[in-house]
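**Student:** To start, I am sharing the structure in question, which I have written as structure tokens.
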Amino acid sequence: MASCSPLLLLVLCTLTVAEAQLKVFNMRASKLDSNILGTPDAYVEVFCGSVSLGETSVRRNNRNPWWEEDFTYFNTQENDTMRLEIHDQDIGFDDLLGVCQRQIKLGTHEHECFLEEGGSLHYTYTLS
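Under mature numbering (1 follows the signal peptide of the UniProt record, and there is no 0), residues -20 to -1, 1 to 108 are what the sequence shown spells out, in order.
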């Protein structure tokens, strides 16, 4: 009698969910509001699900900052949730200016997100 192990292995391999690569880039903000102490010192924290992909550098005294950093995550699946948090760096405690959150889809997508504290964040992502 022939073993069914190779056939079973083939079936199990086809049932696994394909993982893809997420790349987040081209982040820039406009018309950011800050507290009464002046213009914001803004940075962005990037998450995929509960995993932190890192944060950008701080752009000091700038209401319209841009960031050169790219963030890549190799353990992503379509419909995972990506979250971008934009903060104003302060002494002691950083203020959260807003959160952009969405389910990611295959392909390259550009989005603009309006922030709770005023202003907007524009970003691009690719899921391939």
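Even glycine gets a Cβ: it sits at the ideal position worked out from N, Cα and C. Note that the structure is a prediction, hence the values are computed from the model and not measured.
1) Excluding the 5 residues preceding and the 5 following T52 in the sequence, name in chain order all residues of the same chain whose CB lies nearer than 6 Å to its CB.
2) Could you check which residue in L12, K11, P20 has the C-alpha nearest to that of D70?
3) Closer than 7 Å by C-beta to S10: which residues in its own chain qualify, once you throw out the five before and the five after it? Chain order, please.
4) May I ask which residues mark the beginning and end of the beta strand (DSSP E) holding E48?
5) Which residues mark the beginning and the end of the beta strand (DSSP E) in which K11 is found?
**Tutor:** Answer, in terms of the structure:
1) Along the sequence shown, read from residue 1 onward, the residue named residue 52 stands at position 72. Excluding residues within five positions, the ones whose Cβ falls inside 6 Å are K3.
2) Along the sequence shown, one-based indexing puts residue 70 at 90. Comparing Cα-Cα distances from D70 to each of L12, K11, P20, the minimum goes to P20.
3) Translated into positions along the sequence shown, residue 10 becomes position 30. For S10, where only same-chain residues beyond five positions count, the Cβ hits under 7 Å are N44, G99, S100.
4) Walking along the sequence shown from the start, residue 48 turns up at place 68. Per DSSP, E48 belongs to no beta strand (DSSP E) and is neither H nor E.
5) Residue mapping note: residue 11 aligns to position 31 of the sequence shown, counting from 1. Note, K11: premise wrong, no beta strand (DSSP E); not H, not E.
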